[in-house]
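So the mapping is simple: the working numbering equals the position in the sequence shown, first residue as 1, plus 63.
Each residue gets a CB set at the ideal place from its N, CA and C atoms; glycine is no exception.
Taking it in order: structure first as structure tokens, then the write-up.
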Amino acid sequence: MKKQRIGVIFGGRSVEHQVSITSARSIVEAMDKAKYLVVPLGINRKGEWLSERKSWHLLSQGESPLIATPPRTLPPWTVLRKLDVAFPVLHGTYGEDGTVQGLLELAGIPYVGSGVLASAIGMDKAMMKAVFRHHGLPVPDFQVMMRAQWESQREQALTQLESQFSYPCFVKPANSGSSIGISKAHSRFELAQALDEAARLDRKIVVEEAIDGREIECSILGNNEPVASVLGEIISAREFYDYEAKYHDNNTQLFIPAQLSSELTAEIQCLAVKAFLAIDGAGMGRVDFLVDKKSQRIHLSEINTIPGFTPISMYPKLWEASGISYSQLIDRLIKLAMGRHKEKPCASVSPNY
64 MKKQRIGVIF GGRSVEHQVS ITSARSIVEA MDKAKYLVVP LGINRKGEWL SERKSWHLLS
124 QGESPLIATP PRTLPPWTVL RKLDVAFPVL HGTYGEDGTV QGLLELAGIP YVGSGVLASA
184 IGMDKAMMKA VFRHHGLPVP DFQVMMRAQW ESQREQALTQ LESQFSYPCF VKPANSGSSI
244 GISKAHSRFE LAQALDEAAR LDRKIVVEEA IDGREIECSI LGNNEPVASV LGEIISAREF
304 YDYEAKYHDN NTQLFIPAQL SSELTAEIQC LAVKAFLAID GAGMGRVDFL VDKKSQRIHL
364 SEINTIPGFT PISMYPKLWE ASGISYSQLI DRLIKLAMGR HKEKPCASVS PNY
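Okay, structure coming up:
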């Protein structure tokens, strides 16, 4: 049987560059080498596409400060044309936000995960929450502020936000992942600092009410009829589940399955599927919730269209607990990518290069 050529795209320009490499490494290691021929497609921090040799180096050891020959500044088209399926593992901007998905659409290449629209909505927390609210999904109260407004009207902006939110509250860059740039503000001084930090990373900032809740996550798999995994709960070793708690603090605890009532579990799984369909998601997604510790009210936090695939990531762990191994999960995602590609008009027409 001829092996399928799977192009794993990783690295990239976002602040989640290193997380992307770790995810891609885990995916490549778990792929059934009897079925697939892995083609690594690395992108360095400057956004330059690397040769296959340098991509393997980036995947195995990390980026080298010494590059003997200039890397490619455009996708290696001769390599892309030979792929059966592309597997983007680009967390964050310039990868999870629809940019690479658009490139693959233009090239006519099947790819794992959501399309351009769902990827863009899923990346932009402000737009995501607006879509969820439009669909009647329970999102925490939030406000969007542009960097330009914050920089030109600092005192007015603080007063406006304090009239809407009580302390503590969360401040987030609209387009970021892995909790990078997220702050929990307990005072006016901390709110100003948090807005400065978020504005450093994005032109659009989301300020959100703080929910004293349990952090619950649900993995989604499928295209037109997606299904939900068992639920997992995260108990952060820090005040909230930030980057350090996710990737470096060994005291953060993961509980799979989450200890919730069967009724609450079913409701969260149903909401996770609705959230996935609301943005027109495809293939995979991880939906995050906060369950109020006192009222048990469910709050939909966000959806990730390219969830982490590192050895400690919830997405594959939840599916493993649901009876689908890491290797089987990759198989299903590749099949879903090919199935979705066949549904597109003119899917059989090859672009001219």
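(message) Quick check: the Cα distance between Arg-266 and His-120, rounded to an integer number of angstroms?
(response) Position 203 of the sequence shown, counted from the first residue, corresponds to residue 266. Position 57 of the sequence shown, counted from the first residue, corresponds to residue 120. When rounded, the distance between both Cα atoms is 34 Å.
(message) Using CA atoms only, rank isn't needed, just tell me which of Glu-326, Ala-237 and Pro-374 is closest to Ser-364.
(response) For the purposes of this step, residue 364 is taken as residue 301 along the sequence shown, with counting starting at 1. Shortest Cα-Cα distance from Ser-364 to any of Glu-326, Ala-237 and Pro-374 involves Ala-237.
(message) With three or more C-beta pairs closer than 8 Å as the rule, is the segment 340-347 touching the segment 286-293?
(response) Yes, since at least three Cβ pairs between the segment 286-293 and the segment 340-347 fall closer than 8 Å, the two stretches touch.
(message) So for Gly-185, helix, strand or coil by DSSP?
(response) Walking along the sequence shown from the start, residue 185 turns up at place 122. Taken through DSSP and simplified to helix, strand or coil, Gly-185 comes out as helix.
(request) Rounded to whole angstroms, what's the CA-CA distance from Ser-229 to Gly-295? Just pull it up for me. (result) Within the sequence shown, numbered from 1, the residue matching residue 229 stands at position 166. Within the sequence shown, numbered from 1, the residue matching residue 295 stands at position 232. Answer to the nearest angstrom: the Cα atoms are 29 Å apart.
(request) Scan the segment 80-131 and note each continuous beta strand (DSSP E) run of 3 residues or more that stays entirely inside, going in chain order. (result) 99-106
(request) Could you please give me the residues that DSSP links to Leu-284 through a beta bridge? (result) For this step, residue 284 is matched to residue 221 along the sequence shown. DSSP output for Leu-284 lists Val-290 and Met-347 as bridge partner(s).
(message) Determine whether the beta carbon atoms of Thr-368 and Ser-177 lie at a separation below 8 Å.
(response) What you label residue 368 is simply residue 305 of the sequence shown in a count that begins at 1. What you label residue 177 is simply residue 114 of the sequence shown in a count that begins at 1. Yes. Within cutoff.
(message) Threshold first: 4 residues or longer. Then list the alpha helix (DSSP H) segments lying entirely within the segment 151-234, N to C.
(response) Secondary structure remark: continuous alpha helix (DSSP H) runs of at least 4 residues inside the segment 151-234, in chain order: 162-170, 179-186, 188-197, 210-215 and 217-227.
(request) List the whole-angstrom C-beta distance separating Phe-205 from Glu-280, where the pair is believed to meet the contact cut-off of C-beta under 8 Å. (result) Walking along the sequence shown from the start, residue 205 turns up at place 142. Walking along the sequence shown from the start, residue 280 turns up at place 217. Rounded to whole angstroms, the Cβ separation of Phe-205 and Glu-280 is 20 Å, and the two are not in contact under 8 Å.
(message) Among Gly-70, Tyr-99, Ala-211 and Thr-162, whose alpha-carbon lies nearest the alpha-carbon of Leu-143?
(response) Counting from 1 along the sequence shown, the entry for residue 143 is found at position 80. Nearest C-alpha to Leu-143: Gly-70.
(request) Whole angstroms is fine: what's the gap from Glu-168's alpha carbon to Gly-105's? (result) Numbered from its first residue, the sequence shown carries residue 168 at position 105. Numbered from its first residue, the sequence shown carries residue 105 at position 42. When rounded, the distance between both Cα atoms is 19 Å.
(request) Starting from Lys-247, follow its DSSP beta bridges and name the residues at the other end. (result) Translated into the one-based positions of the sequence shown, residue 247 becomes position 184. Paired residues: Phe-233.
(request) State the Cα-Cα distance for the pair Ala-384 and Asp-259, rounded to the nearest angstrom. (result) In the sequence shown, the residue the question calls residue 384 occupies position 321. In the sequence shown, the residue the question calls residue 259 occupies position 196. Ala-384 and Asp-259 have their C-alpha atoms some 40 Å from each other.
(message) Please report the distance separating the alpha-carbon of Gly-110 from that of Gly-165.
(response) In the sequence shown, the residue the question calls residue 110 occupies position 47. In the sequence shown, the residue the question calls residue 165 occupies position 102. For Gly-110 and Gly-165, the distance between alpha carbons rounds to 16 Å.
(message) Output needed for Ser-118: all residues of its chain with C-beta closer than 7 Å, excluding positions within five of it in sequence on either side, in chain order.
(response) As a working mapping, residue 118 is identified with position 55 in the sequence shown. For Ser-118, where only same-chain residues beyond five positions count, the Cβ hits under 7 Å are Pro-103, Leu-104 and Gly-105.
(message) Tell me the residue span of the alpha helix (DSSP H) that contains Val-78.
(response) Here residue 78 refers to the residue found at position 15 of the sequence shown. For Val-78, there is no enclosing alpha helix (DSSP H), as DSSP marks it with neither H nor E.
(request) Work out the CA separation of Trp-140 and Gln-124 for me, nearest whole Å. (result) Residue 124 sits at position 61 when you count from the first residue of the sequence shown. Residue 140 sits at position 77 when you count from the first residue of the sequence shown. If I take the Cα positions, the gap works out to 25 Å.
(request) Answer yes or no: do Leu-122 and Ile-84 have a C-beta to C-beta separation smaller than 8 Å? (result) On the sequence shown, residue 122 is found 59 positions in, with the first residue counted as 1. On the sequence shown, residue 84 is found 21 positions in, with the first residue counted as 1. In contact: Leu-122 and Ile-84 (Cβ atoms closer than 8 Å).
(request) Using alpha carbons as the reference points, say which of His-198, Phe-318, Met-377 and Ile-268 lies closest to Ala-211. (result) Position 148 of the sequence shown holds residue 211. It is Ile-268 whose Cα lies nearest to the Cα of Ala-211.
(message) With DSSP as the reference, identify every bridge partner of Glu-260, one or two as the case may be.
(response) Along the sequence shown, read from residue 1 onward, the residue named residue 260 stands at position 197. Note: Glu-260 sits in no beta bridge, so no partner.
(request) Quick one: grab the DSSP three-state call for Ile-369. (result) Along the sequence shown, read from residue 1 onward, the residue named residue 369 stands at position 306. Of the three classes helix, strand and coil, the one that applies to Ile-369 here is coil, per DSSP.
(message) Between which residues of its own chain and Phe-318 is the CB-CB distance below 6 Å, once the five residues before and five after are set aside?
(response) Walking along the sequence shown from the start, residue 318 turns up at place 255. Once the five neighbours on either side are set aside, the close Cβ partners of Phe-318 are Glu-296.
(request) Would you please state the rounded distance, in angstroms, between the beta carbons of Arg-251 and Glu-214? I believe it to be under 8 Å. (result) Residue numbering aside, residue 251 sits at position 188 when the sequence shown is read from its first letter. Residue numbering aside, residue 214 sits at position 151 when the sequence shown is read from its first letter. Their Cβ separation, rounded to whole angstroms, is 17 Å, which puts Arg-251 and Glu-214 out of contact at 8 Å.
(request) Leaving aside the five residues before and after Ala-338 along the sequence, list all residues of the same chain whose C-beta is less than 7 Å from its C-beta, in chain order. (result) Along the sequence shown, one-based indexing puts residue 338 at 275. So the qualifying residues of the chain are Phe-195, Leu-200, Val-350, Leu-363 and Ile-366.
(request) Can you tell me which of the three DSSP states Gly-386 falls into? (result) The count along the sequence shown starts at 1 and reaches residue 386 at position 323. Reduced to three states, the DSSP call for Gly-386 is coil.
(message) Checking 8 Å against the spacing of the C-beta atoms, do Ser-282 and Tyr-378 come in under that value?
(response) Taking the first residue of the sequence shown as 1, we reach residue 282 at position 219. Taking the first residue of the sequence shown as 1, we reach residue 378 at position 315. Going by C-beta atoms, Ser-282 is nearer than 8 Å to Tyr-378.
(request) Evaluate Cys-333 with the Cβ neighbour count: other Cβ atoms within 10 Å of its Cβ, from every protein chain shown; 16 or more gives buried, anything less gives exposed. (result) Locating residue 333 in the sequence shown gives position 270, where the first residue counts as 1. Exposed, by the Cβ-count rule.
(message) Can you list, in chain order, the residues of its chain with a C-beta nearer than 6 Å to that of Glu-326? Leave out the 5 residues immediately preceding and following it.
(response) The count along the sequence shown starts at 1 and reaches residue 326 at position 263. Contacts found: none.
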